[in-house]
Amino acid sequence: MLGRLLVGEDAFLYPHPRLVRRALVVLLPVIGAVACSRSDTGTAEQRDARAVAAAGAFAADTDDFGAPLPTNARFAARVVSLNPAATEAIFTIGADSLLVGRSRWDEYPQDVSRIAALGDGIRPNIEAVLSARPTLVVLYATAENRAAADAFARAGVRTIALRVDHIAHFHRLLAVLGRAVGANVRARIVSDSVQATLDRVRALTASRPRPRVVWPAWEFPLLVIGGGSYIDELLTIAGADNVFHDMRAPSPPVSIEEIARRNPDVVVTGVARAAKLTASPSWQAVRAVREQRFIVQDPAVTGRPSVVLGMAAVQLARALHPELRDSLK
2 MLGRLLVGED
12 AFLYPHPRLV
22 RRALVVLLPV
32 IGAVACSRSD
42 TGTAEQRDAR
52 AVAAAGAFAA
62 DTDDFGAPLP
72 TNARFAARVV
82 SLNPAATEAI
92 FTIGADSLLV
102 GRSRWDEYPQ
112 DVSRIAALGD
122 GIRPNIEAVL
132 SARPTLVVLY
142 ATAENRAAAD
152 AFARAGVRTI
162 ALRVDHIAHF
172 HRLLAVLGRA
182 VGANVRARIV
192 SDSVQATLDR
202 VRALTASRPR
212 PRVVWPAWEF
222 PLLVIGGGSY
232 IDELLTIAGA
242 DNVFHDMRAP
252 SPPVSIEEIA
262 RRNPDVVVTG
272 VARAAKLTAS
282 PSWQAVRAVR
292 EQRFIVQDPA
302 VTGRPSVVLG
312 MAAVQLARAL
322 HPELRDSLK
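Numbering (the working numbering), first residue to last: 2 to 330.
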């Protein structure tokens, strides 16, 4: 029988672009974007290895806006990070003393509160950021931030714009930031540690029956986790099959009727949303909802493509496969 992970409160796990400014989240998906080709072949472990290798190779080239990446810490004297995943990574690799600003969305780690909040991470306040006299600004690479990158460049401030939609993107982020702030060794240690945990979870779940799951991400419009999301990758590692894995977008819009047709074994959600789905007449069309087969996850862990990715895989695997709890301590 599937177990339940009764931790945390409901949260918006993978925001739709129109709603991101209302959510304190780590990343902004660009619907339809995919980092890895669907034509990729080989085992899951081989695909992961190739993705990590490709991320490391690309790290020395350009960022996601095509700007040359720093090859040393020359520009890192005063860093403003407007990309929450990057901010958390900078803390993790021990370079937080360089931070002179962050976005108001940055919540992790707890010590981030001592860094001045300079506004939104999307379409940032250019004047507010420049007032911190940065030598390097780290952005989330969405089209809405291109104008900001251009403005900082005109002001003589170096920028790094990166997306973090997939696990391989996280490894690349660490490699890029490690080089940019002079913490290559610590960045590699963190990257290797996270990947080792993911590999361990995958190995433990490889021979287990794989429940078919759906992960609602938003209600109006109804969005679910699709194959273009790191969360889809976490589900695979944790020993489940996402019934919307075939949809390439991170959070594609679907209908309840389509969810019912695909007939998932279990719904992965938060505490509050599970109660809402159970009470909703329309959601009664989904057998897993009628039978109240939910896995309730912790959005503070699963909602961040950051240094907690290993922890997220462990938590999901323990919920999906209770028989592995002792092995996944």
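We put the CB at the ideal spot given by N, CA and C, even for glycine.
Since residue i is in the alpha helix (DSSP H), which residue starts that stretch and which ends it?
i, result
"leucine 163", "First-last for leucine 163: 159-163, but that is the beta strand (DSSP E), not the alpha helix (DSSP H)."
"proline 85", "85-93"
"valine 315", "310-321"
If I measure Cβ to Cβ from residue i and keep anything under 7 angstroms in the same chain, skipping five residues before and after, which residues do I get?
i, result
"valine 138", "Val81, Leu83, Val130, Phe153, Val158 and Thr160"
"methionine 248", "Gly227 and Gly228"
"valine 335", "Residue 335 falls outside the range modelled here, since the chain spans only 2 to 330, and no answer is possible."
"isoleucine 116", "Leu100, Gly102 and Arg103"
"aspartate 62", "Leu70"
"asparagine 185", "Gly179"
"arginine 326", "Arg319"
"arginine 291", "Gln285"
I believe residue i touches residue j by the beta-carbon criterion, under 8 angstroms. Please report the beta-carbon distance rounded to the nearest angstrom.
i, j, result
"valine 191", "threonine 93", "6 angstroms"
"leucine 278", "valine 269", "With a Cβ gap of about 11 angstroms, leucine 278 and valine 269 do not count as contacting."
"aspartate 151", "proline 251", "That pair is no contact at about 26 angstroms."
"valine 195", "leucine 310", "5 angstroms"
"arginine 155", "phenylalanine 66", "That pair is no contact at about 14 angstroms."
"aspartate 64", "alanine 142", "7 angstroms"
"proline 110", "alanine 149", "Actually they are not in contact, since the Cβ atoms of proline 110 and alanine 149 sit about 25 angstroms apart, beyond 8 angstroms."
"alanine 87", "leucine 178", "6 angstroms"
"glycine 95", "arginine 187", "6 angstroms"
"alanine 286", "alanine 261", "4 angstroms"
Along the beta strand (DSSP E) that carries residue i, what are the first and last residues, could you check?
i, result
"alanine 241", "It is not in any beta strand (DSSP E) - alanine 241 carries neither H nor E in the DSSP assignment."
"serine 82", "80-82"
"alanine 218", "217-219"
Short of 8 angstroms in beta carbon distance, which residues of its chain neighbour residue i, apart from the five on each side in sequence? Order them along the chain.
i, result
"serine 393", "Here the chain comprises residues numbered 2 to 330, so residue 393 is not present and cannot be evaluated."
"threonine 136", "Phe76, Ala77, Ala78, Arg79, Val80, Val158 and Arg159"
"aspartate 266", "Leu3, Pro212, Arg213, Val214, Ala289 and Arg294"
"aspartate 112", "Phe92 and Asp97"
"alanine 334", "Residue 334 lies beyond the stretch modelled for the chain, which goes from 2 to 330, so this question has no answer here."
"arginine 134", "Arg79 and Val101"
"arginine 189", "Leu175, Ala176 and Gly179"
Can you name, in chain order, every residue of its own chain whose Cβ lies under 6 angstroms from the Cβ of residue i, other than the five neighbours on each side?
i, result
"glycine 57", "Bear in mind that the predicted position of glycine 57 carries a pLDDT of just 46, short of 50, making it unreliable; the figure below should be weighed with that in mind. Excluding sequence neighbours, glycine 57 sits near Ala176."
"glycine 183", "Ala74"
"arginine 180", "none"
"aspartate 253", "Note on residue identity: the sequence assigns proline, not aspartate, to residue 253. Counting only Cβ-Cβ distances below 6 angstroms, and skipping sequence neighbours, we find Gly227."
"alanine 313", "Leu235, Val302 and Thr303"
"alanine 54", "With a pLDDT of only 46 at alanine 54, under 50, the local geometry of the prediction cannot be trusted, and no value is derived from it."
"threonine 198", "Gly311"
"arginine 203", "Ile238"
"serine 283", "Ile257"
"glutamate 259", "none"
"valine 263", "The amino acid at residue 263 is misidentified as valine; the sequence shows arginine. Same-chain partners within the cutoff: Val244."
"leucine 119", "Gly102, Ala129 and Val130"
"arginine 209", "Gly240 and His322"
Worksheet item: Between the region 236-247 and the region 304-323, are three or more C-beta pairs nearer than 8 angstroms?
Response: yes
Practice prompt. Write down every uninterrupted run of the alpha helix (DSSP H) in the region 229-307 whose length is 4 residues or greater and which is fully enclosed by it, in chain order.
Written response: 231-238, 257-263, 272-280, 288-291 and 300-303
Practice prompt. Enumerate, from N- to C-terminal direction, the unbroken beta strand (DSSP E) stretches of 3 or more residues contained entirely within the region 96-168.
Written response: 100-103, 137-141 and 159-163
Worksheet item: Between the region 240-250 and the region 212-222, do at least 3 Cβ pairs fall closer than 8 angstroms?
Response: yes
Worksheet item: Would you call the region 118-134 and the region 97-110 in contact, with 3 or more CB pairs under 8 angstroms?
Response: yes
Discussion item. Quick check for students: name the residue ranges of the alpha helix (DSSP H) that lie wholly in the region 169-204, counting only runs of 4 or more.
Written reply: none
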